[in-house]
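Asks: Note that our numbering has the sequence shown beginning at 2, numbered continuously upward.
All residues carry an ideal CB built from backbone N, CA and C; glycine is no exception.
These figures come from a predicted structure and were not determined experimentally.
One structure follows; several queries about it will come next.
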Amino acid sequence: MQVKSRHHLRSDAVAALEDGLEEKLGVDLEGEAYERVEFEDADLEEVVLVDGEPQVAYFDGEAFLTVRGANDYEIDQRVVVVDAGAVSFVSGGADVMRPGITAVRGDVSDGNLVVIAEESHGKVLAIGRARVDGEEMLGDEGKVVDSIHHVGDDLYEFAG
């Protein structure tokens, strides 16, 4: 991922970012310095470094926590929990299938960005986009979350 530009966010942009993530995920970003990093030729538009850590990314223009960022906070909204059998697949970038889901926490609507966490320790494995509403995610078959960022991908490895 080739960096195109970097600059610090203005206080109004920081406030809007913090308010948006509070509303979506119930998290209160805690940071002293917020820096926006844009990329040359990556699928990802930009990342926001919070105190030097890539905690927020823009997915299709929408600000959301990265996997690293999501693991730094207790998240109660838009969480899809998967069982141990799904961990290796989801960690490798696979989309999430109904049989692997054990719970959905918070309101999830079709098209929402969601956090995908494993059930035993609550570690976040991926960020995805819901294909159905949360109440339709449990079941026996079918793909219900498209993976867009996961442990080990370029964004996860980005060091700021």
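1. Could you tell me whether the segment 149-159 touches the segment 83-99, where touching means 3 or more Cβ pairs closer than 8 Å?
2. Does DSSP classify LEU156 as helix, strand or coil?
3. By the DSSP assignment, the beta strand (DSSP E) with ARG130 in it spans what residues?
4. Within its chain, find whatever has a CB closer than 7 Å to the CB of ALA140; leave out the 5 residues flanking it on each side and keep chain order.
5. Look up ARG50 in the DSSP assignment and say whether it is helix, strand or coil.
6. For GLU142 and ARG69, I'd like the C-alpha separation in whole angstroms.
7. According to DSSP, is LEU30 part of a helix, a strand, or is it coil?
8. So the candidates are ALA71, GLU47, VAL146 and GLU46; which of them puts its Cα closest to the Cα of GLU31?
9. Alpha carbon to alpha carbon, how far is VAL82 from VAL109?
10. Just verifying my parser: in three-state terms, what is the DSSP assignment at GLU120?
Replies: According to the data block:
1. yes
2. The residue you call residue 156 lines up with position 155 of the sequence shown. Note: LEU156 maps to helix in three-state DSSP.
3. Residue numbering aside, residue 130 sits at position 129 when the sequence shown is read from its first letter. ARG130: member of the beta strand (DSSP E) spanning 125-131, first to last residue.
4. Reading the sequence shown from its first residue, position 139 is the one you call residue 140. Here residue 140 turns out to be Gly, not Ala, going by the sequence shown. Excluding residues within five positions, the ones whose Cβ falls inside 7 Å are ARG99.
5. Taking the first residue of the sequence shown as position 1, residue 50 is located at position 49. It should be pointed out that residue 50 corresponds to Leu in this sequence rather than to Arg. Three-state result, LEU50: strand.
6. Looking up residue 142 in the sequence shown gives position 141. Looking up residue 69 in the sequence shown gives position 68. Those two C-alpha atoms are separated by around 29 Å.
7. Position 29 of the sequence shown, counting from 1, holds the residue named residue 30. It is coil, neither helix nor strand.
8. Indexing the sequence shown from 1 puts residue 31 at position 30. Checked all of ALA71, GLU47, VAL146 and GLU46; the closest Cα to GLU31 is ALA71.
9. Mapped onto the sequence shown, residue 82 falls at position 81. Mapped onto the sequence shown, residue 109 falls at position 108. Near 12 Å, if we compare the C-alpha coordinates of VAL109 and VAL82.
10. Position 119 of the sequence shown, counted from the first residue, corresponds to residue 120. Coil.
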